[in-house]
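Everything on this sheet refers to the single structure shown next.
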């Protein structure tokens, strides 16, 4: 079931929202839902920092590989 949401936007933001939705050939509602879905897929800054620290530890412990090309990736997994 869907719910109706009303939001207030300055004219410039509304114009930008409509322009972006039109460019993608979707409704404004669909565009907002799409942006929210993408927002959920983005990792947090804290999680990114944790991944970087883990990668740095792996590098220091010699748990990394030097790959010549992308094909080498499958051979090292």
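Numbering (my numbering), first residue to last: 6 to 82.
Beta carbons are placed, not taken as given, at the ideal position from N, Cα and C, and that holds for glycine.
A quick note: this is a predicted structure, and the numbers were derived from the prediction, not measured.
May I ask you to report which of helix, strand or coil DSSP gives residue i?
i          : result
residue 15 : coil
residue 74 : coil
residue 8  : coil
residue 30 : coil
Between which two residues does the alpha helix (DSSP H) containing residue i stretch?
i          : result
residue 63 : 50-65
residue 34 : 33-46
Decide yes or no for the touch test of the region 14-27 against the region 36-54: beta carbon pairs closer than 8 Å, at least 3 of them. Yes, the region 14-27 is in contact with the region 36-54.
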